[in-house]
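Asker: Protein chains in written order, with this note's numbering: chain P, 1 to 200; chain V, 1001 to 1200.
Virtual Cβ for every residue (Gly too), placed ideally from N, Cα, C.
Keep in mind that this is a model prediction, so the values were computed, not measured.
I have a structure I would like to understand better, so I am pasting it below and will then ask my questions one at a time.
2 protein chains.
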Amino acid sequence: MPRLPRDEVRRRLLAAAERVFAERGYADSKLEDIARTAGFTKGAVYSNFGSKQELFGAILSERSEAELADVMAGLDAGADVAALIEQAARTVAQRIIDDTERGRLGLEIAARAIRDEETGAVVAPMRRAQRASAGRAVREVTERAGITPPVDPELAGTILHCLTNGLAMEHLVDREGVDADTAERALRAVLGWLTEGVRK
Amino acid sequence: MPRLPRDEVRRRLLAAAERVFAERGYADSKLEDIARTAGFTKGAVYSNFGSKQELFGAILSERSEAELADVMAGLDAGADVAALIEQAARTVAQRIIDDTERGRLGLEIAARAIRDEETGAVVAPMRRAQRASAGRAVREVTERAGITPPVDPELAGTILHCLTNGLAMEHLVDREGVDADTAERALRAVLGWLTEGVRK
DNA sequence: GGTACTGAATACCCGTGGGTATGCAACTAT
DNA sequence: ATAGTTGCATACCCACGGGTATTCAGTACC
């Protein structure tokens, strides 16, 4: 039986770890289970990663900051502001609701980042970049439409980012309480507010 | 040496557990440490609580849903809308920033609620009540001022609640990135928007 | 096709901490 | 007083899982 290339083994282990960590949380994720999920044994894990923590850390690097970027990519560049908001709200809400795994892992990462210095050092700049990215998006859209947003774009980015994460967390905790419709309406309302400026 | 009343022992253990769980997270909190922090030994824990999980669960019941209530209580009932917003934004932002322990524990609870059914069953209704409470606050303020909010109060409650939690989480992950001033400006902006309706 | 090397599998070690059984001192009742 | 009860302390057990030493199969290179 021909051996898989090392990179492929690594990839599979990371994918498995991502799922298992999301599902059970860091503490309850056993390296044995992660390995078996990927189709290997614990030996493969220690051959590719130095420790459990390192495996967890490696996942961070994989989670691209492209998160927002590919939401933006899904939008029609030509559409008018109202249509953009409609699309963005729907897309982000959808993500919150059906990509539960992402949300769970995100929460797990945040929870760990608070106590583990190393994790925090990676996560904090990542989050900052995401907020800035959201801020730029607001700036671009409002500038293009020639309107003045009610708050400066940077703050708007923070508001959007935190609201999105807050909604995601709330949905994870209370599935029915915060459903797709609620999330979408909330986002639409806030996006609408942020882009309903006085005409310049 | 006179013995402390049972209730006092329980109280001290809960207080200690709250601190330790917040500080180290559920998994890394040792019952031995919690007990010693309270000035007792593990025996006291098992005399008052059935298990580690039960101790953790007991903390939930103690965390009153009064959270928002006492923010509201701190506001001048007579003040006008603008002043109310100013006060509320400041108070909530302060809480987010300097009551780090509360935030940490809240995140820990949320993280656990996702996977532990029992915890989830307690937390979900609690959160629902908090959102509803925020919604009522918006309704009262706007009605009293005779203005129509841009979104219905219930949704406004959800937005405020999620934004607040999102800001708290963000601050925990990136202390300097989201500081008191940022949180306050974000809250003031959103509160301002929610209460700047058309005059009826 | 032999030799050296790489990397995953296997088996084992051992610290750790939740849980429990027993001891023993402080309150209660009669 | 004193027997019974309550409730925390003490000592112990043991499952569990991260980490490691060793083995052994597949691969590369000459």
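Using 8 Å as the limit for Cβ to Cβ distance, is P1153 of chain V near chain P?
Answerer: Here residue 1153 of chain V refers to the residue found at position 153 when the second sequence is read from its first residue. Chain P contact via Cβ: absent.
Asker: Express the C-alpha separation of L55 of chain P and E8 of chain P in angstroms, rounding to a whole number.
Answerer: Translated into positions along the first sequence, residue 8 of chain P becomes position 8. Translated into positions along the first sequence, residue 55 of chain P becomes position 55. Taking the straight line joining both Cα atoms gives about 15 Å.
Asker: Under the DSSP definition of a beta bridge, which residues are partnered with V198 of chain P?
Answerer: Position 198 of the first sequence holds residue 198 of chain P. The partner list for V198 of chain P (beta bridge, DSSP) reads P:T148.
Asker: Can you name the residues of chain V whose CB is closer than 9 Å to the CB of L107 of chain P?
Answerer: As a first step, residue 107 of chain P is located in the first sequence; it is residue number 107 there, counting from the start. Near L107 of chain P (Cβ distances below 9 Å), the residues of chain V are L1107, A1110, A1111, I1114, M1169.
Asker: So what does DSSP say about P153 of chain P, is it helix, strand or coil?
Answerer: What you label residue 153 of chain P is simply residue 153 of the first sequence in a count that begins at 1. P153 of chain P falls in the helix class under three-state DSSP.
Asker: Below 8 Å, how does it come out for the segment 1135–1144 of chain V and the segment 1168–1176 of chain V: are there three or more Cβ pairs, yes or no?
Answerer: In short, these stretches do not touch, since the Cβ pair count stays below three.
Asker: Using three-state DSSP, classify P5 of chain P as helix, strand or coil.
Answerer: Within the first sequence, the letter at position 5 stands for residue 5 of chain P. P5 of chain P: coil per DSSP, three-state reduction.
Asker: If you reduce the DSSP assignment to three classes, tell me which class A1083 of chain V lands in.
Answerer: One-based indexing of the second sequence puts residue 1083 of chain V at position 83. A1083 of chain V: helix per DSSP, three-state reduction.
Asker: One question on the structure: do I114 of chain P and L1172 of chain V come within less than 8 Å of each other, judged by their Cβ atoms?
Answerer: To locate residue 114 of chain P, count along the first sequence from 1; it is residue 114. To locate residue 1172 of chain V, count along the second sequence from 1; it is residue 172. Yes; because the gap between Cβ atoms is below 8 Å, this pair is in contact.
Asker: Return no unless some Cβ of chain P is closer than 8 Å to the Cβ of A1124 of chain V.
Answerer: As a first step, residue 1124 of chain V must be located in the second sequence, where it is residue number 124. Closer than 8 Å to some Cβ of chain P, the Cβ of A1124 of chain V qualifies, so yes.
Asker: Could you list which residues in chain V have their beta carbon closer than 8 Å to that of L212 of chain P, in chain order?
Answerer: In the structure as shown, chain P begins at 1 and stops at 200. Residue 212 of chain P is therefore absent and cannot be evaluated.
Asker: Could you tell me which uninterrupted beta strand (DSSP E) segments, each at least 3 residues in length, are contained entirely in the segment 108–185 of chain P, listed from first to last along the chain?
Answerer: Listed in chain order, nothing qualifies, since the segment 108–185 of chain P has no complete beta strand (DSSP E) run of 3 or more residues.
Asker: Is it buried or exposed, K1200 of chain V, if we count other Cβ atoms within 10 angstroms and call 16 or more buried?
Answerer: Sequence index remark: in the second sequence, residue 1200 of chain V carries index 200 (1-based). Residue placement at K1200 of chain V is poorly supported in this model, since its pLDDT is 49, which falls under 50; the coordinates are not used for a value here.
Asker: In chain V, which residues lie less than 8 Å from R185 of chain P when you measure between Cβ atoms?
Answerer: The residue given as residue 185 of chain P occupies position 185 in the first sequence. By Cβ distance, chain V contributes V1151, L1155.
Asker: Taking 8 Å as the CB-CB limit, is R1019 of chain V close to chain P?
Answerer: Here residue 1019 of chain V is taken as the residue at index 19 of the second sequence, counted from 1. Answer no: the Cβ-Cβ gap between R1019 of chain V and chain P never drops below 8 Å.
Asker: Quick one: list the residues of chain V neighbouring D98 of chain P, beta-carbon separation under 8 Å, in chain order.
Answerer: For the purposes of this step, residue 98 of chain P is taken as the residue at position 98 of the first sequence. Correct list: empty, because the minimum Cβ distance to chain V is about 16 Å.
Asker: Residue range of the alpha helix (DSSP H) that R63 of chain P falls in?
Answerer: Translated into positions along the first sequence, residue 63 of chain P becomes position 63. From DSSP, R63 of chain P is part of no alpha helix (DSSP H); its letter is neither H nor E.
Asker: I want to verify the contact list: residues of chain V whose CB lies under 8 Å from the CB of R24 of chain P, in sequence order.
Answerer: Residue 24 of chain P sits at position 24 when you count from the first residue of the first sequence. Here the neighbours are R1115.
Asker: Report the three-state DSSP secondary structure of S51 of chain P (helix, strand or coil).
Answerer: Along the first sequence, read from residue 1 onward, the residue named residue 51 of chain P stands at position 51. Here S51 of chain P sits in coil by DSSP.
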